[in-house]
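So the sequences go chain by chain: A and B. Residues 265 to 456 (the working numbering) are what the first sequence spells out, left to right. Residues 265 to 456 (the working numbering) are what the second sequence spells out, left to right. A virtual CB, placed ideally from N, CA and C, is assigned to each residue, including glycine. These figures come from a predicted structure and were not determined experimentally. Accompanying notes for the structure given below.
Protein chains: 2
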Amino acid sequence: MGRPCEFDREETLSKAMELFWERGYKATSIEDLVDRMGIKRGSIYNTFGDKHSLFIAAVEYYAKEVTSRTIKILESPGSPLENIKLFFETIVNTPSDKKKRGCLISNTVVELAPHDEKVADTVRIILERIQNAFLHCLDKAVELGELPEDTDTKVLSHFLATSTHGLIVTGKSAVDNKQMKDVVDVILSTLH
Amino acid sequence: MGRPCEFDREETLSKAMELFWERGYKATSIEDLVDRMGIKRGSIYNTFGDKHSLFIAAVEYYAKEVTSRTIKILESPGSPLENIKLFFETIVNTPSDKKKRGCLISNTVVELAPHDEKVADTVRIILERIQNAFLHCLDKAVELGELPEDTDTKVLSHFLATSTHGLIVTGKSAVDNKQMKDVVDVILSTLH
DNA sequence: GTTTTAATTGAATGATTGTTCAACAATCAA
DNA sequence: TTGATTGTTGAACAATCATTCAATTAAAAC
């Protein structure tokens, strides 16, 4: 009962997420959010609580919408090693203007995680999800004979997760595409 | 002539750098800087200009004092491959509380470089310096027969620079030391 | 000792920050 | 129709932000 919402919760949250993704947490003001989300201050506080809560909701939305889609590449049927290759090619083939946003999770790790426990916990769960996707993918590769039986898949999954971070940071500064493709080749060469 | 400075420029700049390193640009206020640097607002503006200029000075000071020291590991005499190993071991062996600060350059790439051309230029030069150090180190390794003649040292140097970024971001979130050591082993395994 | 030059100081600036709130509007149950 | 309930709205809040400035202090030049 009561007056019904005039906006779609997910739609506005998506817009907030985009803004945090582009600018980071501190550099995004409530006024910026009001402009982008298309709803008034009161409605934001009413629906999402304060800025900090909204940010965490945005990060979780990012994980659900963006990260999940990337993880699905690793989980798709077919050759696991080919999927991992596809995963990194997707990162490299992102257009350079979008590449400058990097990844909301990596950005958050750098900007907030060290000083904000709540954010750190939120982000840690998402990072573990990515790492697990790598691990399962590698395990499947061993099962299918694409990797030797004695492969240390756990260590390799940690390496791939770290490499992902590295590529994203590199992409945010000097965005030389050939350079990044070469790096991906070296990363993939560790899987043989 | 005129009244002499009562503080040491480098000493206060060093303190400003430490604060930016710990908290980032946006999260550090002038008041925070006044407290940490031990000089009044006026003296800061007098000596370093505005906040943005002070930050760039701090980044350059970081490059001169911190980054240079790390690069010297790569340039020191003896086995180049051993030096690279030492380089990464230094990163991993940083105590975990200090590891959360990460690297001021990486942090700046993520927080500011995409939106701030002046900062981006400053940082790009420093990143190129690191990459060149890797390159020279690898070239020397080829000369000394530690790496095969046909090694693509340029590509490998890009890979090592990217890996450095990756390790630093990983260090800022879940700081499992064994995990990071394992990753370093994989990184180093590409050099054989 | 007077003048000149520059650093220090603390108060004040206006802009922006995140957040709250009272008045109003729209729906539902009675 | 009348309350109850909830969303919308825009103004207002105190706090903090980066920055400026006039008054003061200290040294060097004359």
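- Assignment of residue 304/B by DSSP, reduced to helix, strand and coil, places it in the coil class.
- Nearest to residue 341/B by C-alpha distance, out of 408/B, 432/B, 382/B, is 408/B.
- Taking 4 residues as the minimum length, the alpha helix (DSSP H) runs contained wholly in the segment 353-401 of chain A are 360-363, 368-375, in order along the chain.
- Contact check for residue 350/B and residue 397/B: beta-carbon distance about 13 Å, past the 8 Å limit, so the pair fails to qualify.
- By the rule that beta-carbons nearer than 8 Å mark a contact, residue 446/B touches chain A.
- Contacts with chain A at 8 Å (Cβ-Cβ) include residue 377/B.
- Of all residues in the segment 341-368 of chain B, only 364, 365, 366 place a beta-carbon less than 8 Å from a beta-carbon of chain A.
- Contacts between residue 454/A and chain B, judged by CB atoms closer than 8 Å, involve 450, 453, 454 in chain order.
- In terms of CA proximity to residue 292/A, 280/A leads the group 280/A, 268/A, 449/A.
- In the DSSP annotation of this structure, the continuous segment of the alpha helix (DSSP H) that includes residue 319/B starts and ends at 315-326.
- For residue 450/A, the enclosing alpha helix (DSSP H) starts and ends at 441-453.
- Residue 283/B holds the alpha-carbon nearest to the alpha-carbon of residue 298/B among 283/B, 288/B, 401/B.
- A straight line joining the alpha-carbon of residue 412/A with that of residue 449/A spans about 20 Å.
- When secondary structure is reduced to three states using DSSP, residue 438/A falls in the coil class, being assigned neither helix nor strand.
- Counting C-beta pairs with one atom in each stretch, the segment 362-379 of chain A and the segment 428-439 of chain A have three or more that are closer than 8 Å, which means they touch.
- Interface criterion not met: the Cβ of residue 327/A is under 8 Å from no Cβ in chain B.
- The beta carbon of residue 331/B sits no closer than 8 Å to any beta carbon of chain A.
- Contact with chain B is absent for residue 315/A, since none of that chain's Cβ atoms lies less than 8 Å from the residue's Cβ.
- Inter-segment contact for the segment 323-339 of chain A and the segment 325-335 of chain B is absent: fewer than three beta-carbon pairs are separated by less than 8 Å.
- Distance from residue 425/A to residue 394/A at the Cβ level is roughly 6 Å; contact confirmed, criterion being Cβ atoms closer than 8 Å.
- Inclusion of residue 343/B and residue 410/B in the CB contact set at 8 Å is warranted, their separation being smaller than that value.
- For residue 336/B, the enclosing alpha helix (DSSP H) stretches over residues 332-339.
- Contact check for residue 386/A against residue 324/A passes: the beta carbons are separated by less than 8 Å.
- Residues are counted here when their Cβ sits less than 9 Å from a Cβ of chain A; for the segment 271-294 of chain B these are 286, 287, 288, 289, 290, 291, given in chain order.
- In the three-state DSSP reduction, residue 289/A falls in the coil class, being neither helix nor strand.
- By a beta-carbon distance limit of 8 Å, residue 375/B contacts residue 288/A. Their separation comes to about 6 Å.
- Within chain A, the residues placing a beta-carbon under 7 Å from that of residue 438/B are 388, 391, ordered along the chain.
- The three-state secondary structure of residue 422/B, taken from DSSP, is helix.
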